Structure formats: structure tokens, C-alpha cells
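To start, the structure under review is shown below, and the notes come after it.
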């Protein structure tokens, strides 16, 4: 496949990677809901969650769990929001788990996800903090 995530996995597109295992990769979303918003994806192309082989669930969600904890320890977030879109609202046809740092009173309500862009050098700083918290 040649979607954006496959190209990041192959190293053809730059991304702020925060962790990578043999079966999953985690990198900053380029238009985050909040700074530190990470996408956790299988390295092999899989379109949606129902298509993910069951033996890969632990690989994908194990990394999502680690990233969720790193948001608390590395970014001083109060918690995280974890979500997966399947087909509807899925902007990239490659399975990806959104892990978004949350803080009490951050203003996120329901499923309205306001997006923003990182300023110069800002993404690299968030990625570094998460990599340190993950021990990567």
C-alpha cells in the first residue's frame, strides 16, 4: 500500500516517531487535538480494526497503553483519550489508534476535535518528552 502511514513506516515520509516495535509504530499526529497527540499504527498495512489479526491486538494496544502512560509521566497530562475510527471519519485508510493527552478543564467536549498545527520546533520537543518517558 502507499498510504501516508505505510510511507512513514518505510521511512519515506518524515514523522516525529516516539516508539517503534517489530509490529507497531507510534508518532505524533501532524495536526493534533492537543500537543503530544500520538497515532499508534500497525507497521503492516491493515485498513480497519476488524481486519487486524487477533494475534496483533496485543502488539498494537500494548504500545497504545505504553504511550497513554507516557503522556502522564512525560507530558504531565492528567490522563488520555484513546479512540479508533473505522471507515467513517477515518482520514487515512490504515488502522491508527489516537492517543490524546488530556488535562482537566482542557475544553474537549464530545466528539468535536478541534485541530491545530505545531509551531517551529514544537513537535520535536513533545516527541522527545514522550520518547524519554517511553525509554526509547
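In the numbering used here, the protein residues as written are 672 to 807.
Glycine included, every Cβ here is placed at the ideal spot set by N, Cα and C.
Bear in mind that the values here come from a model prediction, so they are computed numbers and not experimental data.
Report yes if the C-beta distance between residue i and residue j is below 8 Å; otherwise report no.
i           : j           : result
residue 695 : residue 730 : yes
residue 702 : residue 787 : yes
residue 674 : residue 764 : yes
residue 766 : residue 709 : no
residue 734 : residue 711 : yes
residue 777 : residue 705 : yes
residue 775 : residue 752 : no
residue 738 : residue 697 : yes
residue 746 : residue 796 : no
If we ignore side chains and look at the alpha-carbon of each, how far apart do residue i and residue j end up?
i           : j           : result
residue 793 : residue 724 : 35 Å
residue 720 : residue 791 : 34 Å
residue 636 : residue 672 : Not covered by the structure: residue 636. The range shown for the chain is 672 to 807.
residue 757 : residue 728 : 15 Å
residue 715 : residue 693 : 10 Å
residue 685 : residue 780 : 31 Å
residue 741 : residue 732 : 14 Å
residue 759 : residue 676 : 18 Å
Please list the terminal residues of the continuous beta strand (DSSP E) segment that includes residue i.
i           : result
residue 696 : 695 to 699
residue 754 : 750 to 755
Please list the terminal residues of the continuous alpha helix (DSSP H) segment that includes residue i.
i           : result
residue 705 : No alpha helix (DSSP H) holds residue 705; DSSP gives it neither H nor E.
residue 675 : 675 to 680
residue 808 : In the structure as shown, the chain starts at 672 and stops at 807, and residue 808 therefore has no counterpart that could be examined.
residue 799 : 793 to 805
residue 768 : Here residue 768 belongs to no alpha helix (DSSP H); instead the beta strand (DSSP E) covers 768 to 773.
**Message:** So, does the segment 684 to 698 touch the segment 797 to 806, judging by three or more C-beta pairs under 8 Å?
**Reply:** yes
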